[in-house]
Amino acid sequence: MKKIILLLSLALFIALTGCTVENKAPVTIRITSDPSDARVYVDGSYKGKTPLDVDSVTKGEHGVIVKKIGYIAGKSNIKAEKDTLFNFDLEKVPIIFDEKCGRVYNAITEENKLYIVDTYRGPARTYIHCIDLNKKQEIWKYEISKACMEDIEDFKLMDGKVYISVYNEVKNCHYCGGKDCYFVYVIGKDGYLLNKYTLDWATQGIISKEDIIVGYGFDFFNKTYDNPIDGYSVKERQYIWNKHLKGNPVIGQDLGGSNYYLFQVVNSYLRIIEIDKRTGKFIADRTFPEMGDFPASEISGDFLVSPFAIIEHKTFFTPDEEHIYCVDLDSMEIINKFNTGIYFTKYKIKLEDGLFFIPGEGKTLIIDANSGKIIKTLNKGFDKIVVGNERTYIAVNGDKIYCFDRSGREILFPYSPNMLGGSFIDMEIKNNILFVTATNRITGEPIRYIYVFDTKTNEPLFTLKNANMLSFTNSILIATTFDDSFSQKNSRLILIDLGKLQR
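Be aware that the sequence shown starts at 1197, since it is given in the numbering used here, and climbs by one per residue.
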């Protein structure tokens, strides 16, 4: 009797207060897309491909992202109250320029103009193109015959002119005396050849804005360790001085200005020589016993040394891959030394805004290059790294991309590609957009991809298959696409308008 009275009282209370018992049973949402076969993510978790029924969805708001290669990712915050259908009309990536090209060597942008070098093998030929980025059309094209990708040594834009150095094997060359030659072409802003001149091996084909080029070399095979150092005048097209430096091989560095720097290992110590580029005269010669135990090269067995980073005239060395030394080239003094406390590989160190990102032992140290102070530690090593205004992205080969905020706290990055067996090639952040080029092997075969993300939300913007990023300027992504990643046949140069990606 008491139970009946209790139930009647509850019913009366509900009737008087207007309360209802909420139905919290999960619902099913059906996700479709045009085109279909797109990947579906609900609240950052991958669910499958469209058309797709997602069961056991709790009632309320959910974030849904639908992405397909070659299309802008669709995004919506949906409200699931009952079994409902949601459709996404996907738009193609906004390609505003699409032209056939060969293997692209390089791309340079300046004043809304794009300059690229693309090459073909049969028959061997090279083209320099100038494209107007405002009008999205080619302005001019210049051809260099009998030159392919391997023949291009340098490509620069200086004073409104295009400079390109090309190696050609020329028999009975009157200038080189029958030796191999480098030809430097100078092309004007209208696409006409202004000049063509010949350099020899000492210049190594590198074009310098300054008159003097310093060349150096050593004999790996004969182990003579008699290092020739030459000063070569581009204007005069001849050697103006020659010296020899005994001992272990030297590595040179041109920091601009009138002087040149040579680095050498002497009795396991670092030696730095400063020379006058015009005369070859030694200005300074200093050995640093504090920096010893430089290891021999694993490839040649030679003792080689060079700074792994340079900030203005401050050079950074690591003899034992645990300690870092900073040498001021103006005073030729060690001005800082610090112990990282970990074992690292110097070739992976990244320098960003005066900070060293040093990977080792499953973590990354962020160190102030001036003070040597450890700013923070991230709980992942890296193969590629890029730093934005608020976030740091770390890419680990064979794994995925990780994201950290300024404090070093990891931020969820659920849309990273699965890189099992694959490797990252390049990463770059421009205008709050993260660009990642990678070779993914998730299907077994190596396939080149470009992945593009919004760094404000870490959400995907689009993905391109069989593609390679070249450059980014004025909200335009410059890339090439091809039939397959192995042969890169039927390549095309494309420009993508990133301003149309706002959702």
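In this text, a Cβ means the ideal position worked out from N, Cα and C, and glycines have one as well.
Collapsing the DSSP output to three states places residue 1386 in coil. In the structure shown, residue 1347 adopts helical secondary structure according to DSSP, grouped into three states. The beta carbon of residue 1688 is closer than 8 Å to those of 1294, 1295, 1296, 1297, 1676, 1677 and 1678 in its chain, skipping five residues each way along the sequence. Bounds of the beta strand (DSSP E) holding residue 1559 are 1559-1564. Between residue 1305 and residue 1669, the C-beta gap is smaller than 8 Å, which places the two residues in contact. According to the DSSP assignment, residue 1460 belongs to the beta strand (DSSP E) that extends over 1455-1462.
Annotation for residue 1448: the continuous beta strand (DSSP E) segment containing it runs 1447-1449. Here the alpha carbon of residue 1249 sits roughly 55 Å from the alpha carbon of residue 1349. Straight across, the Cα-Cα distance linking residue 1441 with residue 1487 is about 21 Å.
In this structure the region 1309-1326 does not touch the region 1255-1267; the number of beta carbon pairs closer than 8 Å is below three. Ranked by Cα distance from residue 1385, the first of 1665, 1619, 1356 and 1613 is 1356.
The beta carbon of residue 1656 is closer than 6 Å to those of 1263, 1269, 1611 and 1649 in its chain, skipping five residues each way along the sequence. Taking C-beta separations shorter than 6 Å and ignoring five residues to either side along the sequence, the partners of residue 1528 in its chain run 1480 and 1482, following chain order. The region 1232-1276 is shown to contain whole beta strand (DSSP E) runs of 3 or more residues at 1235-1238, 1241-1245, 1248-1253, 1256-1263 and 1270-1276, in chain order. Only buried fits residue 1587, as 16 or more other CB atoms lie within 10 angstroms of its CB.
For residue 1524, same chain residues with a beta-carbon under 6 Å away, outside a window of 5 residues either side, are 1510 and 1531 in chain order.
Taken atom to atom, the span from the alpha-carbon of residue 1412 to that of residue 1522 is near 25 Å. According to the DSSP secondary-structure assignment, residue 1649 is paired through a beta bridge with 1630 and 1656. Scanning 1584, 1541 and 1436 for the CA closest to the CA of residue 1652 turns up 1584.
Bounds of any beta strand (DSSP E) do not take in residue 1686, whose DSSP letter is neither H nor E. Under the three-state reduction of DSSP output, residue 1411 falls in the strand class.
Relative to the Cα of residue 1550, the nearest Cα in the group 1570, 1538, 1541 and 1539 belongs to 1570. Linking residue 1424 to residue 1414 through their CA atoms gives a straight-line distance of about 7 Å.
With respect to the C-alpha of residue 1599, the residue from 1664, 1626, 1630 and 1621 having the closest C-alpha is 1630.
Per DSSP, the beta-bridge partners of residue 1435 are 1428.
Counting the other CB atoms within 10 Å of its CB gives residue 1662 a total of 16 or more, which places it among the buried residues.
Just so you know, the alpha carbons of residue 1258 and residue 1682 end up roughly 40 Å apart.
For a cut-off of 8 Å, the C-beta gap from residue 1229 to residue 1283 is around 7 Å, short enough to register as a contact. In summary, residue 1435 is exposed, with fewer than 16 beta-carbon neighbours lying within 10 Å of its beta-carbon over all protein chains present.
Here residue 1597 really is in contact with residue 1632; their C-beta atoms are around 7 Å apart, less than 8 Å.
By alpha-carbon distance to residue 1519, the top candidate from 1541, 1579, 1239 and 1672 is 1541. The secondary-structure analysis by DSSP pairs residue 1601 across a beta bridge with 1587. The beta carbon of residue 1544 is closer than 6 Å to those of 1555 in its chain, skipping five residues each way along the sequence.
Residue 1402 sits away from residue 1408, with the two beta carbons spaced by 8 Å or more. By the Cβ-count criterion, residue 1607 is exposed, with fewer than 16 other Cβ atoms from all chains shown falling within 10 Å of its own Cβ.
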